[in-house]
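Beneath this line is the structure, given in structure tokens, with notes to follow.
Number of protein chains: 2
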Amino acid sequence: MSIKSFLIGSPIETVHEKHERLSKVMGLAVFSSDALSSVAYGTEEILFALVLGGAALLNDLVPIAVAIVILVAIVATSYYQTIREYPSGGGAYVVAKDNLGDYPGLIAGSALLIDYVLTVTVSVAAGIAAITSAFPVLLSHTVLLCLLSILVITIINLRGVRESGKIFSFPVYLFIGSILLLIGASFLKSFSAPPVQYQELKGTVSNVLPIFIILRAFASGCSTLTGIEAVSNGVRAFKPPEARNAGITLVWMALILGIMTLGIAYFAHYYRILPNENETVLSQLARTVFSKGVIYYTIQFATSLVLILAANTSYQDFPRLSSIMAGDRYLPRQLMNRGDKLVFSNGILILGFLSALLIMLFRGETHLLIPLYAVGVFTAFTLSQAGMVRHWIKRGGKGWLRGSVINGAGMVTTAVVLLIIAAEKFSHGAWIVLIAIPCLVLVTRKVHNHYLSVAQQLSMECITDIKEFGHHSVIVPVSGMQQAVLGAIKYSKALSDDVVAVYVCLDTVETEKMKGKWDKFCMGVPLVILESPYRSVVEPLIDYIDEIRNRYKDGVVTVVLPEFVPSKWWHHLLHNQTALFIKGVLLFKKGVVSTSVPFHLRG
Amino acid sequence: MSIKSFLIGSPIETVHEKHERLSKVMGLAVFSSDALSSVAYGTEEILFALVLGGAALLNDLVPIAVAIVILVAIVATSYYQTIREYPSGGGAYVVAKDNLGDYPGLIAGSALLIDYVLTVTVSVAAGIAAITSAFPVLLSHTVLLCLLSILVITIINLRGVRESGKIFSFPVYLFIGSILLLIGASFLKSFSAPPVQYQELKGTVSNVLPIFIILRAFASGCSTLTGIEAVSNGVRAFKPPEARNAGITLVWMALILGIMTLGIAYFAHYYRILPNENETVLSQLARTVFSKGVIYYTIQFATSLVLILAANTSYQDFPRLSSIMAGDRYLPRQLMNRGDKLVFSNGILILGFLSALLIMLFRGETHLLIPLYAVGVFTAFTLSQAGMVRHWIKRGGKGWLRGSVINGAGMVTTAVVLLIIAAEKFSHGAWIVLIAIPCLVLVTRKVHNHYLSVAQQLSMECITDIKEFGHHSVIVPVSGMQQAVLGAIKYSKALSDDVVAVYVCLDTVETEKMKGKWDKFCMGVPLVILESPYRSVVEPLIDYIDEIRNRYKDGVVTVVLPEFVPSKWWHHLLHNQTALFIKGVLLFKKGVVSTSVPFHLRG
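Just so you know, the sequences run in chain order A and B. Taken in order, the first sequence gives residues 11 to 613; the numbers are from our numbering. Taken in order, the second sequence gives residues 11 to 613; the numbers are from our numbering.
Here it is in structure tokens:
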């Protein structure tokens with residue numbers, strides 16, 4: 011208990027929930043780290059794809075970046091509309107489910123949940139990779155460092171939304187500031203450094219048609235859009251007016267993302283930077299503009315921090331989305347509850363656990379996972395836009411046409427991008443996501459059906475008259491004369507007047523001894539001796555209980571067992587197995603309740 | 011249940027226990043397989059040690075074998091005496107504990123228990139190695155084959171003593187017959203084949219003094235003695251008169267072991283057989299005498315069978331010894347019980363589990379374990395003989411002097427051998443056993459202290475008057491209005507007149523709804539609403555229970571919780587967590603009993 015309060019602090023009262031909300035400044039930090047961190051690798055991904063087509067194609071970098079920024083604008087606009095129309099939190103799951111039906115909603119929700127886990131895994135691994143390439147001594151501890159990072163992020167998130175917002179704001183703004191500084195400085199320097207030609211490229215040029223190379227480059231660059239939906243899932247985390255604040259934050263995020271993407275791409279092209287296995291494009295650009303100095307290292311440091319913090323956005327959205335889905339009974343209901351610090355602690359813990367598991371499974375080598383998550387994001391984008399189009403048509407009224415045109419354009423664009431990504435990345439692992447999403451959908455359906463069936467079984471509708479039990483028989487199985495048995499007998503006397511102690515005879519000598527001792531302590535309770543030719547304690551007992559059940563058809567039987575409560579965990583191995591077994595068997599008998607009377611052992 | 015009865019057969023009544031006992035013929039097969047199997051490698055071990063000293067030392071093979079057979083005679087004689095003096099089963103543990111005190115007894119018992127596990131592991135691995143060297147295709151499945159063998163031996167032993175005796179008698183007698191045939195044929199052939207000189211030995215001759223080489227050879231050859239104590243631990247498995255039958259079996263076993271050891275050593279020397287990594291000494295001798303034919307292959311087959319079956323002796327003794335130690339409260343008492351087939355099933359299962367674990371840990375490569383188990387055996391020998399010497403002195407009367415001289419000689423000899431083995435094999439892994447034995451002794455002490463402390467806490471001695479409880483309060487925590495709650499309320503009404511339902515308010519709207527629904531179904535039970543500013547369900551409930559406990563100082567409180575009994579295992583994840591948590595907390599409160607009323611879910 012004290013470790014817990016040391017790690018996550020003292021609990022917060024429910025009435026203070028509104029105080030825990032995020033301002034726009036903090037919200038931008040919390041929800042944009044995933045999207046903004048893609049600036050660190052977006053341009054590079056495009057260049058790596060283009061370079062296969064030879065130097066000529068490298069000139070397409072800027073047009074592709076422009077296309078991506080247009081895509082950002084479309085998606086952001088349509089999410090902005092979604093937030094306005096769903097002020098209580100309108101993620102892809104809610105919008106798709108509300109307008110398109112359960113399955114589209116569940117597909118969107120499952121895709122996002124899987125994505126959040128992947129995002130945590132990939133971004134933590136990427137951040138740690140940045141650190142280990144600076145300090146190769148740490149290389150052999152990659153997995154441990156990843157797990158530690160996940161642990162730290164998990165704990166900080168368990169401390170509450172505001173607190174994690176405070177802690178994580180600084181690195182995000184440091185990153186934004188330093189990238190904007192880099193773009194500004196690149197601009198100033200461009201007056202004194204006229205553009206040069208691309209060097210001759212070594213290596214063979216691919217035979218693929220240029221159009222396919224450009225498409226692949228575009229698909230790779232679309233990883234920039236991951237995380238842009240984060241705000242829409244987290245509207246309820248903002249201070250009121252929630253929708254307005256979330257909307258403004260989304261606009262700012264899209265603006266910053268657009269400027270940074272375009273700026274980096276433009277100057278990477280201007281300074282003719284080539285993709286390089288050993289140095290990131292961002293590092294090359296920073297080195298070209300600033301040389302290796304304080305500013306250069308600050309940019310590198312802020313970049314690796316923001317890569318790790320991209321995980322934090324998932325820590326906001328995974329628990330929130332899973333709590334919404336649990337509220338709709340598609341996930342276990344434990345995910346619905348807010349913990350001591352008003353965050354959805356179970357969701358946070360599960361996210362931490364799953365991503366730690368993935369890290370260990372892939373031993374920190376997560377490049378394999380990178381192509382996977384664009385598929386999930388664009389599935390969610392497409393479904394959410396489609397839902398919005400349907401919403402506008404149903405809603406009608408003022409602005410429905412404009413709204414549906416914007417969302418329709420968004421839907422078509424993201425659907426096309428989804429197809430391109432799925433096709434391009436299918437053999438690189440996208441198929442895993444295309445299997446994982448239906449599996450998760452299936453699980454949510456199973457959970458849902460179970461909860462529905464339970465609700466129906468528990469329903470009070472057909473209940474009219476309630477009768478008390480006609481008789482209450484209490485049976486106390488005893489294995490010898492000792493204080494724990496005495497406790498059970500004494501308790502049984504408080505339950506009913508019909509108490510019987512039962513002793514299974516395994517050894518005639520012992521049985522006679524038992525009979526002799528019984529009278530002194532029996533409190534008037536009769537002792538029944540059961541024969542057991544096969545040495546089973548349980549079977550004769552069950553037979554006896556069945557006999558009593560048959561005798562009093564409208565009655566109830568309570569089986570009272572003494573239970574040792576040891577003071578050390580391993581003492582459990584030395585006690586209670588028979589009692590546990592009896593309880594396990596009785597659990598499935600109707601009209602029988604088994605009760606353990608604890609006997610507390612010392613030392 | 012039906013799988014169980016298919017595998018191990020239908021249960022046997024307790025009264026038939028005597029019919030399950032072993033005759034001398036079966037007893038010899040069951041208890042001697044461990045000892046006799048050492049004939050398969052004993053001579054070889056000596057030769058491998060001697061060959062390091064050059065050809066001249068090889069002539070010491072026969073004298074060393076004679077020394078070992080004398081040791082066999084001494085140890086067997088003193089165990090024969092032990093059986094006579096301890097007719098109810100006198101293993102090293104019982105004898106040492108009775109005469110020397112708890113610690114020597116526990117050391118002997120622990121050494122034997124560890125040894126039995128090692129014996130199973132090593133002999134199964136050796137048997138499978140014999141098979142895989144005949145069929146190298148199977149080599150990559152070594153671990154699987156070992157585990158399967160352990161599984162089969164475990165299941166056959168669970169079927170009962172007589173049944174395993176029947177199944178395992180044939181290979182043991184086949185082995186005895188074929189080895190005696192080999193010795194006889196060697197003898198006949200020796201008339202036509204006069205002894206030759208040893209070939210010149212290749213390789214460098216060791217610089218170690220010959221006496222140390224001879225000592226090491228002797229220590230290696232002492233592995234022949236492992237298993238000789240088996241009969242003494244299993245006296246109770248024989249038909250009456252148990253001690254007499256066991257004694258006769260022991261004598262026969264020692265005789266056969268002596269003849270076989272001496273015969274193999276003598277003719278291995280006579281035919282100048284050299285140790286060879288690729289072919290066993292036994293195989294070379296059989297090939298020399300019979301050439302490769304049916305008889306040769308029969309010998310090889312019987313040898314590998316008996317190597318695997320050496321494990322079976324441990325399956326007799328481990329469960330028996332652990333049941334005796336559990337009876338003395340040094341091991342968990344579950345080990346005391348006989349299962350359906352009158353064998354100590356839990357001991358058999360634990361032995362199977364532990365040896366399977368060792369197989370997996372060492373991936374079937376168990377040469378490492380071979381030096382380990384001679385240490386345990388000779389520790390047990392020495393302590394048991396020392397105990398017998400003490401026993402004779404205490405007992406006095408007829409024959410005490412002769413008895414104590416024989417056991418004294420045995421004690422000194424085995425103590426010297428123990429020292430030699432421990433010194434020679436210390437760096438080869440004997441230190442592991444020298445750590446494992448004290449650890450196990452410590453565990454048995456801890457278990458013992460716990461059981462003693464519990465017995466004292468349960469003692470009825472100081473109990474004089476027993477009062478009934480002054481009041482019985484029943485508290486039903488409810489989370490909503492549904493049938494499971496109704497079941498809990500109805501049951502509570504059968505327990506006491508003072509029943510109160512308790513609802514924790516997490517949401518004022520829900521609470522009002524609950525109040526509205528309550529009256530219709532409440533059966534006269536009042537509903538108490540508890541406030542919970544920190545959203546905890548458990549804390550306000552515990553506070554309320556404490557309040558009730560304080561109100562009725564001489565009373566008892568029952569907390570009745572509905573418990574869902576799902577029809578599929580994974581549904582557990584979707585229910586009952588809060589109830590489980592409440593029960594866990596209440597377990598440690600005195601004067602509070604928590605009861606679950608099962609609600610059976612369909613589908």
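The C-beta atom is built at its ideal place from N, Cα and C for all residues, glycine as well. Bear in mind the structure is a predicted one, so any value in this text is a computation, not a measurement.
For this session: Give a yes or no on whether the minimum CB-CB distance between Thr518(B) and chain A is below 8 Å.
Result: At a cut-off of 8 Å between beta-carbon atoms, Thr518(B) makes no contact with chain A.
Exercise. Taking the beta strand (DSSP E) that Val572(A) falls in, what are its first and last residues?
Worked result: It should be noted that the sequence gives Pro, not Val, for residue 572(A). Taken as a continuous stretch (DSSP letters only), the beta strand (DSSP E) holding Pro572(A) covers 566-575.
Exercise. Within 8 Å (strictly less), CB to CB, does Ile485(B) reach chain A?
Worked result: It does not: the Cβ of Ile485(B) has no partner Cβ on chain A nearer than 8 Å.
Exercise. Between Ala227(A) and Ala59(A), which are expected to be in contact by the criterion C-beta below 8 Å, what is the C-beta distance as a whole number of angstroms?
Worked result: 4 Å
Problem set entry | Residue nearest to Gly357(A) in terms of C-alpha spacing, selected from Asp327(A), Leu596(A), Arg172(A), Asn109(A) | Asp327(A)
Problem set entry | C-alpha gap between Val316(A) and His29(A), whole angstroms | In a straight line, the C-alpha of Val316(A) is about 26 Å away from that of His29(A).
Problem set entry | Cβ separation of Val291(B) and Glu54(B), assumed to be a contact under 8 Å, to the nearest whole Å | At roughly 4 Å, the Cβ-Cβ gap stays under 8 Å, so Val291(B) and Glu54(B) are in contact.
Exercise. In terms of alpha-carbon separation, which member of Phe222(B), Asp564(B), Ala229(B), Lys14(B) lies closest to Ala77(B)?
Worked result: Ala229(B)
Exercise. For Ala589(B) versus Ser394(B), is the C-beta spacing smaller than 8 Å?
Worked result: no
Problem set entry | Interfacial residues, the stretch 539-560 of chain B to chain A, with Cβ spacing under 7 Å | So the close ones are Pro543, Tyr544, Arg545.
For this session: Measure from the alpha carbon of Met233(B) to the alpha carbon of each residue in Val595(B), Thr424(B), Ile445(B), then state which is nearest.
Result: What sits at residue 233(B) in the sequence shown is Ser, not Met. Nearest C-alpha to Ser233(B): Thr424(B).
Problem set entry | When Leu157(A), Val153(A), Val602(A) are compared against Gly497(B), the one with the closest alpha-carbon | Here the closest residue by C-alpha is Val602(A).
Problem set entry | Distance, Gly397(A) Cα to Lys600(B) Cα | 57 Å
For this session: Specify the secondary structure class of Tyr51(A) as computed by DSSP and reduced to three states.
Result: coil
For this session: Starting from Phe248(A), follow its DSSP beta bridges and name the residues at the other end.
Result: Leu32(A)
Exercise. So Tyr383(B) packs on Thr236(B), CB below 8 Å; how close in whole Å?
Worked result: With 8 Å as the limit, Tyr383(B) and Thr236(B) qualify as a contact, their Cβ atoms being about 6 Å apart.
Exercise. Since Phe363(A) is in the alpha helix (DSSP H), which residue starts that stretch and which ends it?
Worked result: 355-371
For this session: Inspect the beta-carbon positions of Ser179(B) and Ala39(B) and report whether they are closer than 8 Å.
Result: Yes.
Exercise. What are the residues of the stretch 13-34 of chain B that lie near chain A, defined by any Cβ-Cβ distance shorter than 9 Å?
Worked result: Pro21, Ile22, Glu23, Thr24, Val25
Exercise. What are the residues that DSSP puts in a beta bridge with Ser511(A)?
Worked result: Looking at the sequence shown, residue 511(A) is not Ser but Ala. Paired residue(s): Val486(A), Leu537(A).
Exercise. What does a CB cutoff of less than 8 Å around Val245(A) pick up in its chain, not counting 5 residues either side in sequence?
Worked result: Ile93, Tyr96, Pro97, Ser98, Gly99, Gly100, Glu252, Ala253, Ala256
Exercise. What does Ile476(A) touch in chain B if you count any residue whose Cβ is under 9 Å from its own?
Worked result: Leu496, Ile499, Lys500, Phe531, Met533
Problem set entry | Within 8 Å, strictly: CB atoms of Thr568(A) and Leu505(A) | yes
Problem set entry | Inter-residue CB distance, Leu571(A) and Ile592(A) (contact presumed, cutoff 8 Å) | 6 Å
For this session: Could you tell me whether the stretch 136-151 of chain A touches the stretch 411-424 of chain A, where touching means 3 or more Cβ pairs closer than 8 Å?
Result: no
Exercise. Do the stretch 302-315 of chain A and the stretch 542-560 of chain B meet, that is, are 3 or more Cβ pairs less than 8 Å apart?
Worked result: Per the Cβ contact rule, the stretch 302-315 of chain A is not in contact with the stretch 542-560 of chain B (fewer than 3 Cβ pairs under 8 Å).
Exercise. Quick one: is Gln294(B) near chain A, going by C-beta distance under 8 Å?
Worked result: Answer no: the Cβ-Cβ gap between Gln294(B) and chain A never drops below 8 Å.
Problem set entry | Limits of the unbroken alpha helix (DSSP H) element including Ile234(B) | Just to set this straight, residue 234(B) is Thr in the shown sequence, not Ile. First-last for Thr234(B): undefined, no H or E at that position.
Exercise. With a Cβ-Cβ cutoff of 8 Å, do Val105(A) and His401(A) count as a contact?
Worked result: yes
Problem set entry | Proximal residues of chain B, C-beta to C-beta of Ile473(A) below 8 Å | Gln493, Leu496, Phe531
Problem set entry | Touch test, the stretch 80-89 of chain A against the stretch 255-272 of chain A, Cβ-Cβ under 8 Å, three pairs minimum | yes
Exercise. Using the rule of at least 16 other Cβ atoms within 10 Å of the residue's Cβ for burial, across every protein chain shown, is Gln492(A) buried or exposed?
Worked result: buried
Problem set entry | the ligand FAD heavy atom lying under 7 Å from the CB of Gly63(A) | Of ligands this structure carries none, so the ligand FAD is not represented either.
For this session: List the residues of chain E that Pro608(A) touches, going by C-beta distances under 9 Å, in chain order.
Result: Here the protein chains are A and B, and chain E is not one of them.
For this session: From the DSSP output, read off the bridge partner residues of Ser604(B).
Result: DSSP, once it has assigned bridges, lists Val569(B) as partnering Ser604(B).
Problem set entry | Within chain B, the residues that Lys503(A) reaches when beta carbons sit closer than 9 Å | Residues of chain B with a Cβ closer than 9 Å to the Cβ of Lys503(A) are, in chain order, Glu478, Phe479.
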